[in-house]
Structures are given as C-alpha cells and as structure tokens.
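Notes follow once the structure below has been shown.
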Amino acid sequence: MYSPTPQLCTTKIFGPAYTVQMVDAADTTSPKPSQHFVDGVQKDAVVFISQPEGFYSACWGGLMTTRAKYLGARGVVVDGNVRDLGEHREMGFPVRLCPFPCSSKCRKRKFTDDVVHKQVFAKGTSALGSNTFTRASGLNVPVQFTSETQKRPLTINPGDLILADQDGVVVVPVEHAEKCLKICEERFEIDEKTMEALENGEPMGETLARLRK
Amino acid sequence: MYSPTPQLCTTKIFGPAYTVQMVDAADTTSPKPSQHFVDGVQKDAVVFISQPEGFYSACWGGLMTTRAKYLGARGVVVDGNVRDLGEHREMGFPVRLCPFPCSSKCRKRKFTDDVVHKQVFAKGTSALGSNTFTRASGLNVPVQFTSETQKRPLTINPGDLILADQDGVVVVPVEHAEKCLKICEERFEIDEKTMEALENGEPMGETLARLRK
Amino acid sequence: MYSPTPQLCTTKIFGPAYTVQMVDAADTTSPKPSQHFVDGVQKDAVVFISQPEGFYSACWGGLMTTRAKYLGARGVVVDGNVRDLGEHREMGFPVRLCPFPCSSKCRKRKFTDDVVHKQVFAKGTSALGSNTFTRASGLNVPVQFTSETQKRPLTINPGDLILADQDGVVVVPVEHAEKCLKICEERFEIDEKTMEALENGEPMGETLARLRK
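Residue numbers (the working numbering), protein chains in the order written: chain A, 1 to 213; chain B, 1 to 213; chain C, 1 to 213.
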C-alpha cells in the first residue's frame, strides 16, 4: 500500500485503529451502522478501511478526509482505492513533501512533529465514488487484510496500533505493543552499530555474527 | 519494474477519443490500417490505445508523441505500456510538475491553461518497443477496456469524451455529455456546500441528508 | 492507470550482473552460500536479486545497500521487494531526483557522471525484513525473471550487462553485447533522424518507410 503521493516522503502516521468494514452496496443482509462511518472517527485514531476485493471504485475521498481531519484523525489506511488526490494534497492531509534529498539521519528519527504527519495510505486510486458500489457495514469490528502475496492471514482489530511510512503499513496488536517496542529498541541499537561497522568496511557476515547474537 | 515515485501533478487532459486497437503482431487476419495509426490523430483529440492483455512490450513512445503533438493531440491514454519517459518529460508532453505543495483550491479549478496540460496516461512502462509484439489494427473503432476489478464491461467509442487526471481516467459517451455536465455542475455545488459544512464541524451523516436530497 | 509522472529520475545504472538466488527460508535442501551474499558483491557490479514469487517480505534494505555501496556496486535490481526507502535516499544511493523539468536532450545523453547514478530498482516495497521468509542460496548462478506478462522465459546469467532507467530494466548477455551496441548505435542514429523529420511535420508512415529501410 502506498501513499497517494509517491514514496517521496519520510513522514509517518501512528495511532490506534478505528476499523471500517465495507461491503457490496447490493448486500442487503449485512448490518447497517446507525451513523455515517466517518462520524465515528475518534480523536488520534488511524482510520482503517477494508474494501472488499474486486471493486474498481474508491471508498475514501476528499470529503471524508475533511471530516476525519476535523475529528482529529491521525491518518487513514485504505485497503482499497482512494480518490481526490489533488484535494488531499491541498488539504495538507496526505502529503507533506520532503525536501530532496532528506538531510537528517533516518535511523535517528524520533516521533517528533516534523516526522509524524497526517496522510492517507491506499492500495490504488479511482475516479469513481463508492455510491452504487460499496457501503459501510461494521464499525470498529475486526477486519481482514488480504493480498495474493500475504500468505499469513492478518486480522486488524479496533485499537491495534498502526504505523505507516513509505515502506508500508505495520499493525501491532495492543497486547504485543510493549514487547514489540522493547524488541524494536534493541534492534534499533543493533542496527545502528551494524550500520557503523558496515560504513567502516566490516563484512556483513562477521558484523551480523558479532552483533545479532 | 520501477523505482518508487507517483502522481504529483494536478493537471488534466480532456478531449474526444481517437481510438486505436492493437493486436498481436503475429495476427495476420485482423484488418491492417491504410496509414500509420499515429498519422490519423485529429487536432484536439485524446488518443486512446487499446493494447491486448498479456504483452510486456510498450505500444507508445517518444516518436509517437512527437507526431501526435505535431498533429495537435491533447493527450494520450494507453491501456497498456509506454516507454521513453525521460523523452516525454523533455518534450513537455506528459508531465508538467506542479510546485509542491499546490496552493490553489482544487475544487475551484476551471479548465484554464495552467490546469489542462498535454500528458500521457498509461498502465505501465516497458523498455521494449512494439515491433514483433503488437501492431495497430482498427483505427477509430470501438475498443474495450478490461481490468480484473472493472466488473462492468466498458466500451470506448471514437469521439467519446475522455477526462483524465491523477485520480484516473473517465470516459463520457457523447450522447450523455450534456446530461453528465449538468449532473457534475449540480454535484459540484453540493460538494462545495458539503465541504464548507464539514469544515465547520457538521457531521457527515446530517450534512449529506440535508444537501444530497 | 497512472501518468508516467512517477519515475521522475532520468539517471541510469549500468554494469555486469552479480546474481543472487533467494529461496524460501524453510527450504533446508537448497545450497547455503559460504559467505553472506552481500559480501560477495564485486566492484562496479549491478546486484540482481531474484526473490521467489509469493513473498510479502523485502529481501533488500538499508544495511545491504550500505555494504554494497562500500564494495563499489553500481546499482541493485530486486525482482522482489525492498525496504528502508528513506534510508536509501539519505544514503544517496537509490534516488537522485532531477530538477523538474529536465532540460537536456535525452537522446543525446551519454553515460556521463551526471546520468549514471547508483540506484535500487525493485518490484515493490515491504516493511518486513527477510528473516523467517527468505534466505540466499545460489551466488553468481543463473536466475530466472518471471512475470505474468513476460511471455518469453528470461534467464539472467552472472556477468550479463544490466542497464536500468525509468523505462525499465534491460539485460544483455555478454556474448551479444557488441552486436547489441552496434544495433543500438545504428538505431539511435535512425531515431534521431526520425525525430527531426517528425518535428518538421513529416508523417510517421513515410518517415519510417524512408529511414527504417
């Protein structure tokens, strides 16, 4: 999944998931939410929209982002299509383009204000709105991420922590968050030392054997 | 394979379709046009090339654009692959990059000269030319757009109005053009009011119920 | 469909292939190399990594590029996924963004220093590292490139010449290099004349008939 601006930007989004399950608009048996799905966005949430496969239409656009932004969303991840790319850029929501090339050291970046920036991540774009194609069904329910190459089934639960940058989207279940943070900090430190060794010409094999014990 | 980067530009192309049906170069039974397909491009047309599925080669490149530009084409849409990306940029044809970020309001944009700009839209790129892979067959004939996720079959007829921007490509049959324009103008106005309401914190559900009656 | 705006850079990579065959990490029967695969990179080589299909993980990242850069690699082509995009940019390795628009004539470009620039080309990105997903097996062995639309099977042999730019990746077997260069020079000259004729308004059909005899 990619941000509707290239992968030029080194900014990230991070926050707990507010999940939305879309279904075929022709599906009359699935539940219907009591409110418009975007009105349920909580402050500081990352909206995660699951669009059923096989739809050519977009299920997120400029009006939705306007409302989500007002409600304080930190970002949006659409497992499906988005539209109104120009409008998003002008809204300052999905795309803060970095100076090229970025001069600060990536590995040393913390979650300061200039790195965390509101953005939309999506699989694709479409000029078609959702009307007559899809509609929201479940709000804050577990949703599945599927892809041809993602072999292990992946469930996104409401409240799961979502972290997304130009490399992709990562979902961390809340119960693993503390352990995950600890591992990341340890690995971050090892990676820093590895990078330094490699810059000094040490071979990869020996460096990994020494530092990743 | 491509290096990561995407849709930066808020410019559009718009015009009546000049359609070209490509076929397998090995196909000896399909019609052969009496002229080179690019010599048939009319002034102000948007060239729409339909490349058969399953080909890794490009069916449009820098020489073709040079000729189409000379004949006054407003743009090119390739349901297939394009090559010579650098050459296209240098020709000022496919890519007019906008200042980042764009400062003018998107929804207020009209089709002024700084918004409509000659560009090529394509599904993908290839370093291979069309020779030995595909050849032109029908000129200004109905062509089909197909994609795994486009469920409804879509025919592009010569003269259909093509509008393309960073969200995607839209085809409007001439007989629906006037009605479509009217609906768009109405919807544009509703969207403007909706956006204003959302910016003022009105919920999406109530706003849509009030304005999209 | 998207505009060829994406690939913004007109720089190229060029060099002999150092090939790496990745296999499923669970595969215990395939050979294991005696050294870390990135330590085998030769000076001036283009690293070509073949990741088996169906993996969601990345098999190349910032640490690998740091080592390959130290060893003097000219570029990397990954038939699979890459991560650490920000880090790569900061390292000055994969992405040297050109001024927009590029002003020099593309067709007249030679392989001067400002055109050849170290870069990574990949099919996709992933936030996941290779651990538990894939591992290196053969080093400097013939590898296969596969894609749904690439109908003719393509083998990349160690030492094959790799040339990659924004249009795609081309592989030239060493035994054909001289003949290929000769054909390219001839064709380059014909294309220059064709371009000039087209810019002067000569029809494509007649121009090709006259110049490509």
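No residue lacks a Cβ here, since even glycine has one placed at the ideal position from N, Cα and C.
Closer than 8 Å to chain B by CB, residue i
| i | result |
| --- | --- |
| threonine 66(A) | yes |
| tyrosine 70(A) | yes |
| leucine 198(C) | yes |
| aspartate 39(A) | yes |
| leucine 211(C) | no |
For residue i, the residue or residues it bridges with in DSSP
| i | result |
| --- | --- |
| threonine 19(B) | Phe48(B) |
| lysine 118(C) | DSSP, once it has assigned bridges, lists no residue as partnering lysine 118(C). |
| threonine 125(C) | Val82(C) |
| arginine 135(B) | Val23(B) |
| valine 171(C) | Ile162(C) |
| glutamine 144(C) | Thr155(C) |
| valine 76(C) | Val47(C), Val120(C) |
| phenylalanine 14(C) | Leu163(C) |
Where residue i falls, given that 16 or more other Cβ within 10 Å makes a residue buried
| i | result |
| --- | --- |
| arginine 74(A) | buried |
| threonine 65(B) | buried |
| glutamate 186(C) | exposed |
| valine 120(A) | buried |
| lysine 12(A) | buried |
| threonine 207(B) | buried |
| cysteine 184(A) | exposed |
| glycine 86(A) | buried |
| histidine 176(A) | exposed |
| leucine 154(B) | exposed |
| lysine 69(C) | buried |
| phenylalanine 188(B) | exposed |
| serine 34(A) | exposed |
| glutamate 90(A) | buried |
| proline 158(A) | buried |
| lysine 118(C) | buried |
| alanine 197(B) | buried |
| aspartate 44(C) | exposed |
| leucine 128(B) | buried |
| asparagine 81(B) | buried |
| asparagine 140(A) | buried |
| proline 142(B) | exposed |
Below-8 Å beta-carbon distance, residue i vs any chain C residue
| i | result |
| --- | --- |
| alanine 55(B) | Note on identity: in this sequence residue 55(B) is phenylalanine, with alanine being the wrong assignment. So yes, phenylalanine 55(B) belongs to the interface. |
| glycine 205(B) | no |
| histidine 117(B) | no |
| lysine 151(A) | yes |
| leucine 63(B) | yes |
Cutoff 8 Å: residue i Cβ touching any chain A Cβ
| i | result |
| --- | --- |
| lysine 42(C) | What sits at residue 42(C) in the sequence shown is glutamine, not lysine. Not an interface residue. |
| glutamine 51(C) | no |
| glycine 201(B) | yes |
| glycine 75(C) | no |
| methionine 195(B) | yes |
Cβ-heavy atom distance, residue i to the ligand GTP, below 7 Å
| i | result |
| --- | --- |
| glutamate 185(C) | Annotation note on the ligand GTP: not contained in the displayed structure, which lists no ligands. |
Cross-chain neighbours of residue i in chain F, by beta carbon under 8 Å
| i | result |
| --- | --- |
| leucine 208(C) | In the structure shown, chain F cannot be found, because the protein chains are A, B and C. |
Which residues of the region 156 to 174 of chain B have a Cβ closer than 9 Å to any Cβ of chain A? Give them in chain order. Leu163, Ala164, Asp165, Gln166, Asp167, Gly168, Val169, Val170
Using a Cβ cut-off of 7 Å, which residues of the region 119 to 149 of chain B contact any Cβ in chain C, in chain order? Within the region 119 to 149 of chain B, the qualifying residues are Gln119, Val120, Phe121, Ala122, Lys123, Thr125, Ser126, Ala127.
Under 7 Å (Cβ pairs) to chain B, residues found in the region 13 to 27 of chain C: none
Using a Cβ-Cβ cut-off of less than 8 Å, list which residues of the region 182 to 193 of chain A approach chain C; keep chain order. Asp191
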